[in-house]
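Listed in order, the protein sequences are those of chains A and B.
The opening residue of the first sequence carries number 1 in our numbering; numbering runs sequentially from there.
The opening residue of the second sequence carries number 1 in our numbering; numbering runs sequentially from there.
Structure first, commentary second.
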Amino acid sequence: MSESNKNSSRPTKFHISGIFDALMPIFATIAALLVGAILLLLLGANPITAYSALIEGAFGSFNAFAETLVKATPLLLVGLGTCIAYRASVTNIGGEGQMIIGALLSTWIGLSFTNLPGWLMILIAFLAGSLGGAIWGGLPGLLKAYFNVNEILSTVMMNAIAVQIMNYMLRGPMIDPEQAQAASQIPQTARLEVAYRLPRLVPTRLHIGLLIAVVLAVLVYILLWRTTLGYRIRAVGQNKDASKYGGVDVKKHIVIAMLLSGAFAGLAGMMQVYGVNYRMITDGSATGFTGNAGFNGIVAALFGQLHPILTIPASVLFGGLLVGANAMQRVVQVPSALITALNGLVVVFVVSSDYFRKRNQAKRVAFVESGQDTQPPGEAKKDLEEVTA
Amino acid sequence: MISDLFTATVLIGIISSGIRLATPYLFASIGEMFGQRSGVLNLGVEGQMLLGAFTAYYIVLRTGNLFLAILGAIAVGALMGLAMGFVTIQLQATQGIAGIGFYLFGMGMSNLLFEKLIGVVENINGFPAVKIPLLGDIPVIGEIFFQQNLLVYLAFLLVPIAWFVLNKTTLGLKIRAVGENPAAADSLGVSVVRVRYFTVILGGILSSIAGASLSVALLNVFQQNMTAGQGFIAVALVYFGSWRPFGILAGALLFSMVNALQLWIQVLGIPIPSELAVMMPYILTILVLTLSLSKGKGPSALTKAFEREG
């Protein structure tokens with residue numbers, strides 16, 4: 001059995017049918033949009049009108065596109081964390097909690113020290129945000145590595161704990177003094193100093209966080225495919241036993257992957273505060289602060305085939321869907337929740353399409369080994385029958 | 001103020017609502033347990049619960065028929081289970097991620113349907129409390145256990161039934177065999193695919209009923225994201241309970257009792273941060289999962305897709 005039969009060690013391979021594989025997520029999205037079209041018809045809306053409103057709302061104008069990029073930024077950061085963790089075969093679904101803790105820590109520091117130079121505080125906030133996320137991701141990593149605690153469960157629990165900490169802090173010690181006086185008691189902090197806000201790129205809400213996230217994507221690519229650490233992280237993900245025999249400290253690398261994964265999500269949370277809202281605000285739920293970015297970032301990373309560079313366009317696409325959904329709601333009166341449902345379908349279709357990709361790969365290896373260039377039609381049919389049997 | 005908690009009325013109130021609030025956890029966790037014992041981790045419970053909750057609520061709102069509402073929830077849950085089964089068993093997709101997909105789908109669909117078809121929060125007449133003759137008249141005990149609604153009784157009955165099915169029937173043996181060693185089960189003529197479809201669809205149905213129990217029996221209202229993470233907790237309870245029905249019962253009661261306590265703390269206006277109380281069961285679950293590493297070993301083939309060799 002050759003190497004390429006397993007998950008290929010290179011991010012993308014451009015065999016001829018490899019192009020077909022690379023397009024799988026696109027097919028999955030088209031399939032999800034078709035299901036969405038049927039739903040729209042059932043709800044009495046014209047799918048063409050709805051989808052054009054969605055595209056127009058997401059990419060139709062300078063402001064719309066800027067808003068799409070604002071929404072794409074946290075998705076990209078969470079997605080980068082997802083790439084690292086999932087490459088190490090660690091299913092981190094704690095993005096929501098990691099975002100919250102990163103935001104809380106950086107906001108608390110930003111509100112506590114009000115007379116630092118802006119650049120210094122922003123730098124500290126970056127560190128604090130990453131640190132908060134890293135703690136919240138690293139703990140489940142430690143528990144998985146050394147106590148064999150399933151990380152899916154621990155990250156879910158950590159999400160729930162983070163929400164309660166956030167609610168407690170924003171209703172209590174960190175509440176906006178004005179809200180503490182007012183009857184409404186909205187759980188939100190005071191505003192950050194103007195000097196502490198992330199610089200904006202153009203006269204829209206788009207902030208420098210996007211550029212930072214894109215640079216980080218390149219760095220994550222280098223980390224995963226050009227450094228020993230990245231090689232080991234991926235080796236642990238592909239085969240724990242073989243890595244152990246090869247002298248890789250599996251436990252350590254699981255923890256490192258989770259620390260990094262959490263740090264990226266924490267950074268996403270920090271940027272929501274320092275770049276978008278200039279305060280931390282919620283409605284008492286995780287989504288109230290994160291806008292579900294902790295989950296949607298996973299979707300974007302999966303869509304980008306867990307490749308940091310491909311996650312960039314994937315994040316823009318899903319950011320666009322989120323922004324466009326609101327426009328669609330206005331035009332055809334179909335709730336924007338439709339897009340959440342379709343995001344779910346995209347995930348389901350993408351993971352399902354892996355099956356066909358693996359089959360293609362297995363076939364390619366078989367041809368190479370048997371020295372065949374093309375497969376006789378009869379053989380292909382037999383293959384299909386075996387699979388469907 | 002804290003002494004308010006220890007009057008008989010309040011204590012009975014807490015325990016009685018704790019019993020009631022355990023209902024959705026029990027339905028969903030027992031369903032999830034069957035899936036996991038056969039090797040399938042379904043992380044989409046939350047989505048299944050939300051769709052079940054909406055379906056049942058909508059049917060009651062339009063027809064007032066509670067029986068029909070449960071049937072509707074069962075149908076929706078079965079469909080969601082079938083879809084999850086097709087994706088994870090037939091197409092061998094990564095179970096955890098597929099589950100997240102179904103969670104997002106269920107959440108989006110239930111929100112969408114609610115906004116489109118109903119729009120405003122309306123109360124309905126859900127399952128009424130049924131006082132069991134004689135037992136319901138026992139002081140204290142009767143009030144706590146035997147004046148609940150039908151779904152509460154069913155949820156608690158489900159625990160011994162699940163235990164019996166899993167440990168004392170051929171079906172249970174097949175489920176466990178498929179979850180521990182699918183290749184061996186297969187060579188003995190057990191259809192791994194059929195057993196897994198059965199457990200995943202059963203899980204979908206029970207999760208959906210769990211959601212319905214919230215919307216038409218406990219709260220008698222539907223709100224967006226009303227499950228608030230209970231579906232994920234239900235999955236965790238399976239680990240917490242070491243894949244055993246009575247272990248799950250203990251975990252479910254722990255969570256529901258703390259929830260009930262927290263609600264009463266708020267009602268009585270006791271100055272303890274309710275967030276702290278809500279947080280405790282999660283912390284406890286992590287601790288239990290951490291410290292019980294020896295007995296907490298799950299089914300060997302959990303999350304592993306099965307493919308015949310050769």
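Backbone N, C-alpha and C fix where the C-beta goes; we use that ideal spot for every residue, glycine too.
Taking just the CA atoms, how far does A:Phe20 sit from A:Phe14?
Low local confidence applies: a pLDDT of 48 at A:Phe14 is under 50, so the model's placement there is unreliable, with the coordinate-based value given in what follows. A:Phe14 and A:Phe20: Cα-Cα distance of roughly 9 Å.
Taking the alpha-carbon of A:Ala314 as reference, which of A:Ile186, A:Cys83, A:Trp119, A:Thr155 has the nearest alpha-carbon?
A:Cys83
For my contact list, B:Ile209 and B:Ala78 are in at a C-beta cut-off of 8 Å; report their separation, rounded to the angstrom.
Wrong, their Cβ atoms sit about 11 Å apart, outside the cutoff.
What are the boundary residues of the alpha helix (DSSP H) that includes A:Met174?
That residue, A:Met174, is in no alpha helix (DSSP H); it is neither H nor E in DSSP.
Spatial neighbours of A:Glu385 within its chain, please: C-beta separation below 7 Å, excluding the five flanking residues on both sides.
Caution is warranted here: a pLDDT of 40 is assigned to A:Glu385, below 50, making its placement in the model unreliable, and no coordinate value can be reported.
Where B:Ala129 sits in the DSSP three-state scheme:
strand
Roughly how many angstroms lie between the CA atoms of A:Ala160 and A:Lys363, to the nearest whole one?
44 Å
Where does the unbroken alpha helix (DSSP H) through A:Glu193 begin, and where does it stop?
Per DSSP, A:Glu193 belongs to no alpha helix (DSSP H) and is neither H nor E.
In terms of residue numbering, what span does the alpha helix (DSSP H) encompassing B:Gly192 cover?
Note on residue identity: the sequence assigns Val, not Gly, to residue 192 of chain B. 192-213 is the extent of the alpha helix (DSSP H) around B:Val192.
For a minimum of 4 consecutive residues, which ranges assigned as the alpha helix (DSSP H) are wholly contained in the segment 140-182 of chain B?
141-145, 150-168, 170-180
Would you mind stating whether A:Lys251 and A:Tyr146 have Cβ atoms separated by less than 9 Å?
yes
By how many angstroms is the C-alpha of A:Gly297 removed from the C-alpha of B:Ala69?
35 Å
Counting only beta-carbon separations shorter than 9 Å, does B:Tyr25 have a partner in chain A?
no
Limits of the alpha helix (DSSP H) - the one that A:Lys240 falls within:
240-245
Output yes or no for whether 9 Å exceeds the beta carbon distance between A:Ile152 and B:Leu82.
no
Quick check on B:Arg244: does DSSP put it in helix, strand or coil?
coil
Using 8 Å as the Cβ pair cut-off and three pairs as the minimum, do the segment 351-358 of chain A and the segment 87-104 of chain A touch?
no
Check: B:Leu302 C-beta below 8 Å from any heavy atom of the ligand COA
The model on display carries no ligand, and the ligand COA is accordingly not part of it.
Among B:Ile14, B:Arg37, B:Leu41, B:Ile59, which has the Cα closest to the Cα of B:Phe222?
B:Ile59
So the alpha helix (DSSP H) B:Phe105 belongs to, where does it begin and stop?
95-113
In this structure, what does DSSP give as the bridge partners for A:His207?
A:Arg200
Suppose you measure from the CA of B:Ser300 to the CA of B:Ile30; what does that come to, to the nearest Å?
19 Å
So, is the C-beta of A:Ala50 closer than 9 Å to a C-beta in chain B?
no
Using CA coordinates, which residue listed in A:Ala190, A:Met270, A:Val194, A:Leu216 is at the minimum distance from A:Ala103?
A:Met270
Put A:Ile186 into one of helix, strand or coil per three-state DSSP.
coil
Specify whether the segment 45-65 of chain B and the segment 232-244 of chain B touch according to this definition: at least 3 beta carbon pairs, one from each stretch, less than 8 Å apart.
yes
Any chain B beta carbon closer than 9 Å to A:Gly138:
no
Restricting to runs no shorter than 4 residues, where is the alpha helix (DSSP H) found entirely within the segment 3-45 of chain B?
8-37
Can you list, in chain order, the residues of its chain with a C-beta nearer than 6 Å to that of B:Val200? Leave out the 5 residues immediately preceding and following it.
Gly35, Val40, Gly81, Met84, Gly85
Residues bridged to A:Ile93 by DSSP?
DSSP, once it has assigned bridges, lists no residue as partnering A:Ile93.
B:Pro273: contacting residues in chain A (beta-carbon distance under 8 Å)
Tyr168, Gly172
Where B:Ile124 falls: helix, strand or coil (DSSP)
coil
Name, please, each residue of chain A whose Cβ falls closer than 9 Å to the Cβ of B:Thr199.
Residues of chain A passing the Cβ test: none, with the nearest at roughly 19 Å.
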